[in-house]
Amino acid sequence: MDGNERISRLLLKQEVDEFLYYEADLLDARRYDDWLALLADDVRYWMPMRRNVKVDDLEREFTREGRDISWFDEGKQTLTRRVRQIQTGIHWAEEPVSRISHVISNIRLLEANPSWAEPAEVAVGCRFLVYRNRVETETDILVGKREDLLRRVEGELKITRRRILLDQNVLLSKNLTFFF
Amino acid sequence: MASTNTTGYRRGLVDLGKGQISREIFVNDEIYQEELERIFARAWLLVGHESQIPNPGDFFVSSMGEESVILCRDRAHKVHVFLNSCRHRGMKVCRYDEGNAAVLTCPYHGWSYSTDGRLVGVPYFREAYHGSLDRSRWGLAEVAQLCLYKGTVWASWDPAAPPFLEYLGDFLPYIDLTLDAWDGSDGGTEILSGIQKWRVPCNWKFPAENFSGDSYHNISHRSVDLAGIGPSGSGRRDMPELLMARKLHIAFPEHGHQTTSYLLPKEVALPPAYQHSSVVSEYFRECEEARRNKRGDWGRMIALVGEVFPNTAFLARQPRTLAAWHPRGAHETEVWRWFLVDRNAPAEVKDFLRQYYIRYSGPGGMTEQDDMENWNYAHAASRGTIARRYPYNYEQGTGTEIENYEWESFRVPGVVCDLTRAKSSEHNLRNLYRRWAEFMEADRWEELTSGRRLGRAEAAE
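Going line by line, the protein sequences match chains A and B. So for the first sequence, numbering that gives the first Met the number 0 puts the first residue at 0; every next one is plus one. So for the second sequence, numbering that gives the first Met the number 0 puts the first residue at 0; every next one is plus one.
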């Protein structure tokens, strides 16, 4: 990687960091319509379940995208419906509204196509910590890895694919009424 | 309901004459411990599905009551269910969710068991035990009874329990409505890979009651009706059935099983559904017709929800699911859910349903999320010293049950409450708790099968 490439990569990293933090702010501020606008129309949003399997059987650790039952396997249309449900004001699982913070860290650029300088698509890995506190003392802490594919559309980054790998087997939260 | 016959578990706790049930049975830790003995160690419980263990050596770790069990297929293809605890010092023999193994070796001291449960390996057998340990007596603890029914695997720890089909009694055809294919083919369903497991902070009877047929909780799901996730577009997903069929509570007092089902009219066909996809829409239209031809009057019956006593629930339409409400203490439930599709359905249909199931059911399901909020805080607000003084009300629909319900020449088995007329009833819920009280009172299975307690006489009301 020559000097120019390294600078391009650095600038892209800065842009991606800002983008992911901005996205987290939108979610935590409950600006769901603005959040939906960050999703590409063909977005795939997938959160598999995870099994305890032997070390030589790891291909069965995750339920399969597009084939198995998962926690989420969504497109923009169903994510929009989920937002609409929260916005009805009578979605009791989110009414009263939860206090949620998304902590995003360990952001790494994995790949850019066709180049760091002019990326049409960027693959990004990160960790998430989603903290939810609701009603009085009810608290959930969900931690895991995320793999995002971002696409540049008319100059703006859009989320094209999101894989959410939660570090839990039996889900310890009674529901998943929020986004990752 | 005959008010003279109001005994229940510890007189007064379950008082069906008054239509009142004490909050104690949901929040009292001592009662919970008794439930583990009297209900979960005696009743038939859902363990899994045969398709999870197709080959010799395949295993799936499941749960019965609070305890972990291993469902596996031995080398001779025979299916077993074992307590997942080493006979030597109790270590969980298998900590994987599923897999395949020739032997199950305990990681603590190394006792190993074959897939038919025999103790086949003991380190230092000759030196430390002088070869005298009777290995034949120290195999894995196995359930007393096991039944495979249309793919589902059921087990009981009680040798005195009646055989599974007898335990189900006349409820059997209602279970079939979930396990048969939509076109009426016997056992024509398979499960989708991926069993959802999650914790809900409430007593296990909250979901059991809900799936027995809580016909009153429409307000819970208003938000999802408004957002519209139905496979046919927006609004309530069961509108056509609601408009043309009879919606019935159907309960079996001798067994404690109950369902909410729709009985379709004889001559009029259901309007097309699943219009979002022509393949799916056409598939269900064909199935609907085939089922009517194959099953006659039974082809007119479509179950909505139901509960096999004590803790197995089914949803029989789409989503088609089985759920087990595993108790994890009086105040927590671990839900396990299996999802079913027609085995011979086109791939596009299976995929459409899979996606619909995920957005309907489970912790990510837009419908169930609101149920779990309600169970959570109903339980929490019932635990207090003062709260426990006030029983819940189960009066709804008392005295409106019909023994020989018939509509358009179909005589419906079970004791029925017509919800199309009544809008809502707690008939099914009372049936669940009537049986619950019988289990908690009875010392022996004979008392539970004789019907001498609350059984038929009271149910006639």
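Backbone N, C-alpha and C define an ideal beta-carbon position, used for all residues, glycine too.
Per DSSP, the bridge partner or partners of residue i
i	result
A/D67	Note: A/D67 sits in no beta bridge, so no partner.
B/H378	In the DSSP output, where bridge partners are listed per residue, B/H378 has none listed.
A/C125	A/R145
A/K157	A/R150
A/E120	A/N112 and A/R150
B/Q19	B/D14 and B/N392
A/A39	Its beta-bridge partners do not exist; DSSP assigns none.
Coarse secondary structure for residue i, derived from DSSP in three states
i	result
A/E58	helix
A/Y31	helix
B/L303	strand
B/E165	helix
A/N105	strand
B/S2	Legend: pLDDT at B/S2 = 36, less than 50; position of this residue unreliable, no value from coordinates given.
B/W335	strand
B/Q317	coil
B/T258	strand
A/K75	helix
B/L428	helix
B/A456	Any reading at B/A456 must be qualified, since the residue scores a pLDDT of 40, below 50, and its modelled position is unreliable; no value is offered.
A/N3	helix
B/Q195	strand
B/M365	coil
B/G120	strand
B/E347	helix
B/M63	strand
Whether residue i touches residue j by CB criterion (8 Å)
i	j	result
A/N174	B/Q368	yes
B/S62	B/H325	yes
B/A289	B/P264	no
B/S222	A/T87	yes
B/R22	B/P309	no
B/G413	B/A250	yes
A/V129	A/F179	yes
B/F170	B/Y148	no
B/E49	B/G150	yes
B/S211	B/L45	no
A/A39	A/R162	no
A/V96	A/L108	no
B/V152	B/V68	no
B/L428	B/Y404	no
B/S360	B/I301	no
A/I158	A/D166	no
6 Å CB neighbourhood of residue i in its chain, flanking five on each side removed
i	result
A/E4	W115
B/Q51	F59
A/I85	E93
B/V307	H256
B/G47	F59, S61, L70 and V152
B/F39	G64
CB contact below 8 Å: residue i versus chain B
i	result
A/R131	no
A/D40	no
A/T87	yes
A/A92	yes
A/V169	yes
A/F127	no
A/T77	yes
Residue-chain proximity (residue i, chain A), Cβ-Cβ < 8 Å
i	result
B/E97	yes
B/S219	yes
B/W197	yes
B/D57	no
B/R353	yes
B/K17	no
B/C71	no
B/G383	no
B/M238	no
B/E457	Reliability of the predicted coordinates at B/E457 is poor, the pLDDT of 46 falling under 50, and the value obtained from them is presented with this limitation in mind. It does not: the Cβ of B/E457 has no partner Cβ on chain A nearer than 8 Å.
B/F338	yes
B/Q368	yes
The ligand NAD heavy atom lying under 7 Å from the CB of residue i
i	result
B/E189	Among the ligands in the structure shown, none appear at all, so the ligand NAD cannot be discussed.
Contact set for residue i: own chain, Cβ-Cβ below 8 Å, skip 5 residues either direction
i	result
B/G269	What sits at residue 269 of chain B in the sequence shown is Leu, not Gly. Closer than 8 Å at the Cβ level, and outside the excluded window around B/L269, lie P239, E240, M243, L263 and E287.
A/R59	R50 and V52
7 Å Cβ shell around residue i - same chain, five flanking residues per side excluded
i	result
B/V119	V102, S111, Y112 and S113
B/D341	A180, W181, G187 and T188
B/I30	E23 and I24
A/S100	D27 and Y130
B/R134	L118 and V121
A/G74	V42 and R43
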